[in-house]
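S.K.: In the numbering used here, the protein residues as written are 324 to 1235. Ideal Cβ positions, reconstructed from N, Cα and C, are used throughout, including at glycine. In this text the structure is predicted, and so the values were computed from the model without any measurement. Quick one: this structure, given as structure tokens, is what I'll be asking you about.
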């Protein structure tokens, strides 16, 4: 921002304010009572005590303190360019201070006559003053009114006066206290007011009681709470009295408010509510400015104003905050950055909205500095407008207004992008849409045959008939869009849909069980691109449709334009989960069930992203396996971190513990739905170690496998641990090493050494990882009788093949002769028989890379390793596609001839 050069001999810019002029004339004696610098709460209290000491009443002292604070803030802002936060924090602290003083004064007066209000257990019942909106978010402007809701924690009655009489019900006691608080803070006297007070946001609005119990508030939320009230309560905070804030007793309010504001599922049903609210605000603004064009330039309520930034932020918070607790924050500027970090808004947009918000709030303050009026409309007086421009550092009005227009235009575009479209007509006088809006018969006639029949069946479906009219109207809209999408021609080309009708039928199967969860219908209506991506995904293969039936909430991932172009990043995944964990901990919600569901939702969402990239052809089969394996590793790491504190009597702060991955996890070849072959080991000399780590592993397995409302994570297979299913669930590193290296009578079998070729260290301290790598290398490079090893592996191969019989005229891409298992056994033999002489075969780099290394080392004839590697890659691709389509992996013998021959050539080269 530019800074104007103020001549050194001219009066400070703050002196132009008519409000400041009045204050400096009337309170010249009192102004020095406020200590120099930013007016913090301690300074306000000091000035208040000085005023009381000279004889001012509580009400007068509070009002004079308010005037002193305002004069100081105007000077700091206009003359010294104080940051916005200095102003908003000071005004918020003034409100908190004044309300605390008023609460103590009102209750002391009532206690003297009626005694203290008591709960059933004899403790004092407490009044909670809840600040809403800008007060709750600590964002008050200099002429804000304060939106308050008064609550008390327990019903009961007062102890009575000195003679035991004059008892009051707690409700009546606190209602009288509220009246007295209003008189102390809100009444206008010769010294003005402290704050204008608005109680319209309380339950039942202006027709409701002035104060309600916490139980009554909870019942109101459950029975009558409206969608717009969720936005109001988003920023709620107990602001007074200071005693209940300090002792944290008021935290009980969070347990009532959070479930009301933030729903468990993604909640797009609030879009229409916010549209309606925004439309009403704009209509009110338009009525106020009718015939008064100067009122149209409202920096708060006009198009592109402060309210549209707040709505943009709050809408995303309410929609996503149930599943992403890190979004739950009150201040607008903080929320913008959290939304950007969560990927819900581009960082550039968040920064630009933050810049616009700060600019508009500073303009708003200057408008109010002029005359201490609660207005947000730019002045029409040229001198006033020029003064605002100068205090913001602009040389003239033109530059200032140009910047104002730029900010407002950007805000309006972002708001329209989010809430675009006109709100649907709800009929005359706010009535519901008529039957014609939800009659689907005329629509069915325009749909292709099979899809038309499927939708016709909904005409008598109880789930559809039970829907509200507005929800059925939305459903009709979705069916109509699907019908339009079906007009695209089928195509087998990459990135195209071969069977559009199949996709539409799967969509109908998917949405029918979800019809009563209206948020999903709302999501698709609000995000047409999501519906189209969903249809394309459902049309690509059968397994995605099944996955979406199990985990419908993941479809919101399709709302991100960047989703398909990205890849899994473990560090970001873990950071996001830890952020959510911390957010839940702060609000007291981090119980075991909530953490289990948090892990499952994050895993399912990330798996779905990989699935969407896969079926869209953005990543290869190898990349799918890499990403799914990295995801499993990350989930194991987070689960291990979160489980350790849950173990009873842990004997150390961090466990000396490791997880070894085998099979597909070890080889980084995980597919969708793969189980995890893992072995648990520990390196801990403590005498309690065996017992503690056994309990830890049982807890880990439970966390990974138990089914919650969000489903499960993985199936866990621990059969590869020493002595298999008859062995201990967790093993000391020393015992594991002895078993693998054949030291003693209890030693590993050859098939276990085959498994070791694909094993890798998944998590644990780095020193444990180095120790495992040494054990693995010692196992792999140990001297062996080559012929005996060959005979054992061939026998094992025949045993596996016999267990998976295939019809003579069919070829199983995995288990038949010439299938993938042939390559896997061949690689295991090459590694176990030759790694001692060829250390390049020791690293666990995957079957394809090892085949190429074996050929380069001269262990395979020229071309055999390369051909087998290419064949293995193709067979994996065929297997992968078959599983996505839920088809058998058996193909005619006339298919994949080149690949089968390459595998058989590898087998012959290795085993003869």
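Apart from the five residues just before and just after residue 1133, which ones in its own chain have a Cβ nearer than 6 Å to its Cβ?
M.R.: So the list reads 1213, once near-sequence residues are dropped.
S.K.: Leaving out the 5 sequence neighbours to the left and right, which residues in its chain are closer than 8 Å to residue 379 when beta-carbon positions are compared?
M.R.: Once the five neighbours on either side are set aside, the close Cβ partners of residue 379 are 387.
S.K.: Starting from the N-terminal side, write out each stretch of the beta strand (DSSP E) that is 3 residues or longer and does not extend beyond the stretch 1030-1117.
M.R.: If we require 3 residues or more, the beta strand (DSSP E) runs fully inside the stretch 1030-1117 come out as 1053-1055, 1083-1087.
S.K.: So, helix, strand or coil for residue 560, using DSSP?
M.R.: Strand at residue 560.
S.K.: My assumption, with CB atoms under 8 Å, is that residue 1203 sits in contact with residue 944. Please give the rounded CB distance.
M.R.: The pair is a contact, with the Cβ atoms about 5 Å apart (cut-off 8 Å).
S.K.: What are the boundary residues of the beta strand (DSSP E) that includes residue 980?
M.R.: Where residue 980 is concerned, the enclosing beta strand (DSSP E) stretches over 980-985.
S.K.: With a Cβ-Cβ cutoff of 9 Å, do residue 848 and residue 731 count as a contact?
M.R.: The answer is no: Cβ separation not under 9 Å.
S.K.: Determine the closest residue to residue 1034 out of 399, 922, 995, 734, with distance taken between C-alpha atoms.
M.R.: Comparing Cα-Cα distances from residue 1034 to each of 399, 922, 995, 734, the minimum goes to 922.
S.K.: Report all residues from its chain with a CB closer than 7 Å to the CB of residue 685; omit the five preceding and five following residues, and keep chain order.
M.R.: Around residue 685: 407, 715.
S.K.: Give me, in chain order, the residues of the same chain whose beta-carbon lies closer than 6 Å to that of residue 808; leave out the 5 immediate sequence neighbours on both sides.
M.R.: Counting only Cβ-Cβ distances below 6 Å, and skipping sequence neighbours, we find 858.
S.K.: For residue 333, name the three-state secondary structure that DSSP assigns.
M.R.: Coil.
S.K.: So, is residue 1218 buried or exposed, given that buried needs 16 or more other C-beta atoms within 10 angstroms?
M.R.: Exposed.
S.K.: Is the stretch 1088-1099 close to the stretch 1023-1037, with three or more CB pairs under 8 Å?
M.R.: Verdict: no, contact absent.
S.K.: Give the straight-line distance between the Cα atoms of residue 1018 and residue 495, rounded to the nearest whole angstrom.
M.R.: Cα to Cα, residue 1018 sits roughly 55 Å from residue 495.
S.K.: What residue does the beta strand (DSSP E) around residue 474 start on, and which one ends it?
M.R.: Element bounds for residue 474: 468-475.
S.K.: Can you name the start and end residues of the alpha helix (DSSP H) that residue 851 belongs to?
M.R.: First-last of the alpha helix (DSSP H) with residue 851: 851-863.
S.K.: Verify whether the separation of the beta carbon atoms of residue 526 and residue 472 is less than 9 Å.
M.R.: Yes; because the gap between Cβ atoms is below 9 Å, this pair is in contact.
S.K.: Considering only the alpha carbon of each residue, which of 647, 532, 771, 729 lies closest to residue 913?
M.R.: Nearest option by C-alpha distance: 647.
S.K.: Work out the CA separation of residue 796 and residue 757 for me, nearest whole Å.
M.R.: Its pLDDT being 38, under 50, residue 757 is placed unreliably by the model, and the measurement read from it follows with that caveat. For residue 757 and residue 796, the distance between alpha carbons rounds to 10 Å.
S.K.: Residue 433: buried (16+ other C-beta within 10 angstroms of its C-beta) or exposed?
M.R.: So residue 433 ends up on the buried side.
S.K.: Mapping the DSSP letters down to three states, classify residue 454 as helix, strand or coil.
M.R.: Looking at residue 454 - three-state DSSP - the assignment turns out to be strand.
S.K.: Secondary structure at residue 1233, three-state DSSP: helix, strand or coil?
M.R.: If DSSP states are grouped into helix, strand and coil, residue 1233 belongs with the helices.
S.K.: In chain order, what residues of the same chain have a beta carbon less than 6 Å from the beta carbon of residue 871, not counting five sequence neighbours either side?
M.R.: Closer than 6 Å at Cβ, skipping near neighbours: 833.
S.K.: Give, in chain order, every unbroken run of the alpha helix (DSSP H) that is at least 4 residues long and sits entirely within the stretch 697-723.
M.R.: With a minimum length of 4 residues, the continuous alpha helix (DSSP H) runs that stay inside the stretch 697-723 are 705-714.
S.K.: Taking only the alpha-carbon atoms, compute the straight-line gap between residue 475 and residue 497 and give it to the nearest angstrom.
M.R.: Their Cα atoms are separated by approximately 8 Å.
S.K.: The beta strand (DSSP E) with residue 689 in it runs from where to where?
M.R.: Residue 689 -> not in any beta strand (DSSP E); alpha helix (DSSP H) instead, spanning 670-694.
S.K.: Give every residue of the same chain whose Cβ lies closer than 7 Å to the Cβ of residue 1152, excluding the five residues on either side of it in the sequence, and list them in chain order.
M.R.: Same-chain partners within the cutoff: 1112, 1113, 1116, 1233.
S.K.: Between residue 336 and residue 397, what straight-line distance do the alpha-carbon atoms span, to the nearest angstrom?
M.R.: Computed Cα separation, rounded: 9 Å.
S.K.: Can you give me the C-alpha to C-alpha distance between residue 899 and residue 925, rounded to a whole angstrom?
M.R.: Their Cα atoms are separated by approximately 9 Å.
S.K.: Use the C-beta contact count for residue 423: other C-beta atoms within 10 angstroms, 16 or more gives buried, fewer gives exposed.
M.R.: The residue in question, residue 423, is buried, as its Cβ has 16 or more Cβ neighbours within 10 Å.
S.K.: For the pair the stretch 577-584 and the stretch 543-563, tell me if three or more CB-CB distances fall below 8 Å.
M.R.: Yes, they touch.
S.K.: For the beta strand (DSSP E) that residue 999 lies in, which residues bound it at each end?
M.R.: Looking at the DSSP string, the run of the beta strand (DSSP E) that includes residue 999 is 999-1005.
S.K.: What's the gap between the Cα of residue 969 and the Cα of residue 963?
M.R.: Cα to Cα, residue 969 sits roughly 10 Å from residue 963.
S.K.: Hey, residue 554 and residue 637: beta-carbon distance below 9 Å or not?
M.R.: Cβ distance < 9 Å, so residue 554 and residue 637 count as in contact.
S.K.: Suppose the cutoff is 7 Å on Cβ atoms and the five residues either side in sequence are ignored; what does the same chain contact list for residue 745 look like?
M.R.: Low per-residue confidence applies at residue 745: pLDDT is 45, beneath 50, and the placement is therefore not dependable, though the value from the model is reported in the following sentence. Correct list: empty, nothing qualifies.
S.K.: What is the rounded straight-line gap between the Cα of residue 735 and the Cα of residue 1080?
M.R.: Computed Cα separation, rounded: 60 Å.
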